[in-house]
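Visitor:
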Amino acid sequence: MMARFYLTTAIDYVNSRPHLGTAYEKVTADVIARYRRLCGFSTHFLMGNDEHSQNVYQRALELGLEPRAYCDQMEQVFRDVWAKLAVSFDDFIRTTEERHRVAVTTLVQRIADAGDLYEGEYEGWYCVSCEAFKPDKDLVDGNCSIHQTRPEWIKEKNHFFRLSKYRDRLLQHYEANPTFLQPDARRNEMLRLLEGGLEDISVSRTGQSWGIPLPSDPSSVVYVWFDALINYIAAVGYGTDDERFRKWWPADLHVVGKDITRFHAVVWPAMLMSAGLALPRRVFGHGWVNWQGQRMSKSLGTSVDPLDAADRLGPDPLRLYLVKEIAYGHDGDFTWERFEERYNADLANNFGNLVNRVAVMAHKYRGGRLAPVPGATPQLADRAADVVRRYQAAMDEYQLHIGMAAAFDLIDATNEFITRSEPWVLARTPDRRAELDQALFEMAEAVRIAAILLWPVMPASCTEILRRMGQVGPISEIRFDRDTAWAGGERQIVKGPPLWPRIEAPGAVAAARGGVTASTGAGDTMTDETEPAAAPRVSFDDFMRIELRVAKVLAAEPIPKSKKLLKVTVDTGSGERTIVAGIARSYTPETLIGRSVVIVANLETAKLMGVESNGMMLAATDPDGRPVLLTLDDPAAAPPGSRVR
RNA sequence: GCCGGUGUAGCUCAGUUGGUUAGAGCACGCGGCUCAUAUCCGCGUUGUCCGGGGUUCAAGUCCCUGCACCGGCACCA
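Take the first sequence: its position 314, counting from 1, is numbered 317 in the numbering used here, and each next residue is one higher.
(1) Tell me, to the nearest whole angstrom, how far the beta carbon of Leu166 is from that of Ile204; I am working on the premise that it is less than 8 Å.
(2) Which residue marks the beginning of the beta strand (DSSP E) containing Phe8, and which one marks its end?
(3) Going by CA-CA distance only, name the one from Ala117, Thr338, Thr209 and Gln175 that's closest to Phe164.
(4) DSSP on Ser19, reduced to helix/strand/coil?
(5) Can you tell me whether DSSP reads Ile468 as helix, strand or coil?
(6) Which same chain residues end up closer than 7 Å to Pro70 when comparing Cβ atoms and leaving out the 5 residues on each side of it in sequence?
(7) So within the region 72 to 106, which uninterrupted beta strand (DSSP E) runs reach at least 3 residues, ignoring any that extend past its ends?
(8) Work out the CA separation of Trp294 and Ser589 for me, nearest whole Å.
(9) May I ask you to list the residues that DSSP assigns as paired with Pro459?
(10) Counting Cβ pairs closer than 8 Å, one from the region 93 to 102 and one from the region 234 to 245, do we hit at least three?
(11) Would a C-beta distance cut-off of 9 Å place Val376 and Phe444 closer than the cut-off?
(12) I'd like to check one pair, Phe483 with Ser9: are the Cβ atoms closer than 9 Å?
(13) If you measure between the beta carbons of Val286 and Val259, is that distance less than 9 Å?
(14) Any idea which residues DSSP pairs Pro216 with across the strands?
(15) Between which residues of its own chain and Leu456 is the CB-CB distance below 8 Å, once the five residues before and five after are set aside?
(16) Which same chain residues end up closer than 7 Å to Met398 when comparing Cβ atoms and leaving out the 5 residues on each side of it in sequence?
(17) Report buried or exposed for Val428, applying the criterion of at least 16 other Cβ atoms within 10 angstroms of its Cβ.
(18) CB-CB under 6 Å to Val90, same chain, minus the five flanking residues each way: which ones, in chain order?
(19) Using a Cβ-Cβ cutoff of less than 7 Å, which residues in the same chain neighbour Leu25 once the five nearest sequence positions on both sides are dropped?
(20) Since Val224 and Pro216 should fall inside the 8 Å C-beta cutoff, what is the C-beta to C-beta distance between them, to a whole number of angstroms?
(21) I need the DSSP call for Cys236, collapsed to helix, strand or coil.
(22) Over the uninterrupted alpha helix (DSSP H) stretch that includes Val270, give me the two end residues.
(23) Counting pairs of beta carbons, one from the region 575 to 582 and one from the region 629 to 636, are three or more of them closer than 8 Å?
(24) Roughly how many angstroms lie between the CA atoms of Glu467 and Val600, to the nearest whole one?
(25) Check whether the region 330 to 343 and the region 419 to 435 are in contact - that is, three or more C-beta pairs closer than 8 Å.
(26) Report the residue from Gln495, Arg265 and Ala106 whose alpha carbon sits nearest the alpha carbon of Leu196.
(27) Determine the closest residue to Glu54 out of Asp171, Thr109, Trp156 and Tyr226, with distance taken between C-alpha atoms.
(28) May I ask you to list the residues that DSSP assigns as paired with Pro561?
(29) Quick check on the DSSP output: the beta strand (DSSP E) that includes Trp294 runs from which residue to which?
(30) Does DSSP put Ile414 in a helix, a strand or coil?
(31) Going by DSSP, which residues form a beta bridge with Arg208?
(32) Leaving out five residues before and five after Glu328 in sequence, what residues of the same chain have Cβ atoms less than 8 Å from its Cβ?
(33) With a threshold of 6 Å on Cβ separation, who are the neighbours of Lys367 within its own chain once the five nearest residues in sequence on each side are excluded?
(34) Figure out for me which residue from Thr11, Leu66, Trp251 and Ala6 has the closest Cα to the Cα of Asn18.
(35) What did DSSP end up calling Lys327 once you bin it into helix, strand or coil?
(36) Return the first residue and the last residue of the beta strand (DSSP E) that His55 is part of.
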């Protein structure tokens with residue numbers, strides 16, 4: 004039986020479209036999946052969407068849609084992005100699917116049967132003003148530290164999972180399986196957490212309909228996190244197809260963001276232990292990709308920008324950047340400057356130029372037909388074998404960036420080899436014919452091997468390079484072990500246009516991207532690029548429910564102990580009111596006084612740092628995340644109270 | 001304030017379980033080649049590995065501590 008490999012990524016919330024950070028996770032997982040397939044594993048690569056979130060429910064309601072319909076639209080948005088990035092998942096699961104419902108119901112029942120689910124009450128001090136339970140540490144003399152009021156002792160019915168029961172077994176598992184959670188920094192974090200002890204966790208929510216009912220208490224739904232994790236077994240037939248489940252479970256690898264490793268490396272294994280199921284073999288917590296130095300934000304439309312590199316240059320250069328330039332497991336950064344630098348250095352100057360010069364020489368000197376000289380000792384073969392070995396060792400341990408570096412070592416070695424062997428000199432010397440034959444063959448052979456190594460990252464480009472290097476037969480028949488070995492045999496080299504033309508002007512891709520956005524308006528739709536077509540518009544009536552008004556700042560003062568908040572008193576035309584605004588990073592109180600601003604006048608009140616805020620000041624967010632206040636073109640013309648629309 | 005992360009060449013970053021003389025790419029300087037997308041190859045310059053203390057035969061790496069910067073939350077709903 005063929006060895007099998009099952010890997011998953013986190014399923015994504017659908018309340019915003021995918022951004023570079025999400026794409027990073029999928030691309031790296033895709034590279035692993037493609038590498039495994041190349042190695043001959045029967046591979047199952049799962050992705051999907053997480054739809055049972057209250058945010059999703061709310062978002063759908065705001066848009067006037069059935070939640071399911073909203074999720075249908077978002078699924079297409081996600082699939083389109085994944086297609087654009089050449090992400091080759093084998094299955095795409097949604098938590099609203101029947102197979103998922105069955106799996107959740109079955110697993111929760113198994114956990115209940117094991118005695119690990121109990122009905123309890125969540126109780127604690129509840130501060131009404133904060134609308135939150137307050138841990139003891141947040142109480143000062145029994146009062147809420149923020150509101151100075153005595154909180155209420157409240158009990159709320161809930162179903163709990165006996166997570167605490169599994170602490171020792173989890174520790175043992177970590178002990179026995181040092182690579183269960185990678186990288187080590189994540190593992191150490193979890194060990195510390197486990198050593199500190201675990202508390203049982205609430206796994207149900209009452210009063211909600213959007214979710215999967217708890218078998219034992221249909222008035223509750225399974226908490227979205229508990230629900231979501233189960234997708235990994237639901238997708239391979241748990242509760243619906245035993246044979247399929249036996250084939251694929253346990254997963255070989257869960258690729259997840261470092262922020263949710265706890266769920267995957269503690270909660271999820273405990274759930275599986277409770278249900279008597281095998282644990283995933285490994286969890287990998289990858290880092291963040293920042294954009295121009297700042298953290299990706301789901302709410303920033305601009306955050307999808309780097310994905311447009313895939314529109315302009317195809318997915319491969321972006322994929323290479325993400326995999327090669329960011330140490331897997333660490334945080335990384337995407338900037339256009341660096342992207343263009345890497346593109347020119349690695350792709351245009353090195354790999355692309357190498358492919359081109361080899362093909363051109365093959366044709367110029369030998370009409371494209373190359374073959375090794377019988378009995379000749381290849382000079383590049385050892386180097387290639389060493390690279391393949393290092394590449395494989397790195398990739399098997401998910402050290403993707405090291406694998407990439409190894410592959411590029413072979414490219415460097417080939418460029419060096421060409422300089423050393425000087426084919427153009429050999430070509431001028433008739434009695435060195437055999438040397439030229441051998442040299443031309445070797446460089447083509449090295450490029451062929453490099454193209455296989457880089458194929459998981461740049462599938463389209465490398466398929467084309469393999470074709471040019473004389474590969475016959477489909478890529479799917481290439482097998483890593485056999486086909487990365489130094490080969491002989493005659494082959495026909497094919498010429499072609501440069502794969503990666505140099506980006507000449509600094510900032511060209513980023514700038515061109517802006518131009519493209521503007522010119523694609525030719526589709527004469529009014530669609531805003533930054534909002535997915537699937538996010539329908541709010542109605543005019545809905546918009547008019549938001550009361551925007553001009554207000555004039557009368558006074559402003561910092562709020563003690565707060566970094567971002569200012570307490571601002573404004574004149575709304577019909578009186579004064581206090582607004583707490585998170586603008587202290589950009590504005591000092593003095594600069595605000597006398598200024599006309601735009602406020603949301605009918606926003607529900609909120610208490611922030613003990614100050615009641617009655618409204619919201621509108622501000623844009625600059626690329627560094629700092630607020631920039633909206634001001635009026637002619638403040639004198641629109642007195643406080645003027646409606647904004 | 002709490003939690004987490006980072007600090008290595010001018011810039012962006014690698015540095016395996018502690019182990020010789022601390023690396024790569026870009027940039028810069030010099031030289032070479034002409035098959036190639038003005039590409040490639042060779043040589044070269046720049047380091048208080050943030051500071052201080054400790055463990056060790058040996059510390060960029062481990063421990064303690066200080067500083068700086070970043071992020072998340074507390075608080076921008």
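C-beta atoms are modelled at their ideal positions from N, C-alpha and C, and glycine is treated no differently.
Guide: So, to answer that:
(1) Here residue 166 is taken as the residue at index 163 of the first sequence, counted from 1. Here residue 204 is taken as the residue at index 201 of the first sequence, counted from 1. With a Cβ gap of about 5 Å, Leu166 and Ile204 count as contacting.
(2) The count along the first sequence starts at 1 and reaches residue 8 at position 5. Counting along the chain, the beta strand (DSSP E) containing Phe8 begins and ends at Arg7 to Thr12.
(3) Locating residue 164 in the first sequence gives position 161, where the first residue counts as 1. Checked all of Ala117, Thr338, Thr209 and Gln175; the closest Cα to Phe164 is Ala117.
(4) As a first step, residue 19 is located in the first sequence; it is residue number 16 there, counting from the start. Of the three classes helix, strand and coil, the one that applies to Ser19 here is coil, per DSSP.
(5) Along the first sequence, read from residue 1 onward, the residue named residue 468 stands at position 465. Three-state DSSP puts Ile468 in a helix.
(6) To locate residue 70, count along the first sequence from 1; it is residue 67. Once the five neighbours on either side are set aside, the close Cβ partners of Pro70 are Val59, Tyr60, Ala63 and Trp213.
(7) 94 to 97
(8) Taking the first sequence and counting its residues from 1, the one referred to as residue 589 is at position 586. Taking the first sequence and counting its residues from 1, the one referred to as residue 294 is at position 291. Cα-Cα distance, rounded: 21 Å.
(9) Walking along the first sequence from the start, residue 459 turns up at place 456. DSSP lists no partner for Pro459.
(10) yes
(11) Position 373 of the first sequence holds residue 376. Position 441 of the first sequence holds residue 444. In contact: Val376 and Phe444 (Cβ atoms closer than 9 Å).
(12) In the first sequence, residue 9 corresponds to position 6, counting from 1. In the first sequence, residue 483 corresponds to position 480, counting from 1. For the sequence presented, residue 9 should be read as Tyr rather than Ser. No.
(13) Along the first sequence, read from residue 1 onward, the residue named residue 286 stands at position 283. Along the first sequence, read from residue 1 onward, the residue named residue 259 stands at position 256. Yes, they are a contact pair.
(14) Position 213 of the first sequence, counted from the start, is the residue given in the question as residue 216. Bridge partners of Pro216: Val224.
(15) Counting from 1 along the first sequence, the entry for residue 456 is found at position 453. Closer than 8 Å at the Cβ level, and outside the excluded window around Leu456, lie Val390, Val391, Tyr394, Gly406, Ala409, Ala410, Leu413 and Thr487.
(16) Counting from 1 along the first sequence, the entry for residue 398 is found at position 395. Within the same chain, Met398 has close Cβ partners Tyr38 and Gly406.
(17) Taking the first residue of the first sequence as 1, we reach residue 428 at position 425. Exposed is the call here.
(18) In the first sequence, counting from the first residue as 1, residue 90 sits at position 87. So the list reads Lys29 and Asp33, once near-sequence residues are dropped.
(19) If you number the first sequence from 1, residue 25 lands on position 22. Position check: residue 25 holds Thr in this sequence, whereas Leu was assumed. So the qualifying residues of the chain are Asp15.
(20) By 1-based counting over the first sequence, the position of residue 224 is 221. By 1-based counting over the first sequence, the position of residue 216 is 213. The pair is a contact, with the Cβ atoms about 6 Å apart (cut-off 8 Å).
(21) Start at 1 with the first residue of the first sequence, and residue 236 comes out as number 233. According to the sequence shown, residue 236 is Ile rather than Cys. Correct three-state label for Ile236: helix.
(22) As a first step, residue 270 is located in the first sequence; it is residue number 267 there, counting from the start. Unbroken run through Val270: none, as it is neither H nor E.
(23) no
(24) Stepping through the first sequence from its first residue, residue 467 is reached at position 464. Stepping through the first sequence from its first residue, residue 600 is reached at position 597. Spanning the two alpha carbons is a distance of roughly 57 Å.
(25) no
(26) In the first sequence, the residue the question calls residue 196 occupies position 193. Measuring from the Cα of Leu196, the nearest candidate turns out to be Arg265.
(27) Working through the first sequence from its first residue, we reach residue 54 at position 51. The shortest C-alpha separation from Glu54 is found at Tyr226.
(28) The residue you call residue 561 lines up with position 558 of the first sequence. Looking at the DSSP assignment, Pro561 forms a beta bridge with Leu569.
(29) Along the first sequence, one-based indexing puts residue 294 at 291. Run containing Trp294: Val292 to Trp294, per the beta strand (DSSP E) assignment.
(30) Stepping through the first sequence from its first residue, residue 414 is reached at position 411. Three-state DSSP puts Ile414 in a helix.
(31) Here residue 208 refers to the residue found at position 205 when the first sequence is read from its first residue. DSSP, once it has assigned bridges, lists Val224 as partnering Arg208.
(32) To locate residue 328, count along the first sequence from 1; it is residue 325. Answer for Glu328: Gly335, Arg341, Arg345 and His404, listed in chain order.
(33) The residue you call residue 367 lines up with position 364 of the first sequence. Here the set comprises nothing.
(34) Position 15 of the first sequence, counting from 1, holds the residue named residue 18. Cα-wise, what sits closest to Asn18 is Leu66.
(35) Working through the first sequence from its first residue, we reach residue 327 at position 324. Helix at Lys327.
(36) For the purposes of this step, residue 55 is taken as the residue at position 52 of the first sequence. Taken as a continuous stretch (DSSP letters only), His55 belongs to no beta strand (DSSP E), as it is neither H nor E.
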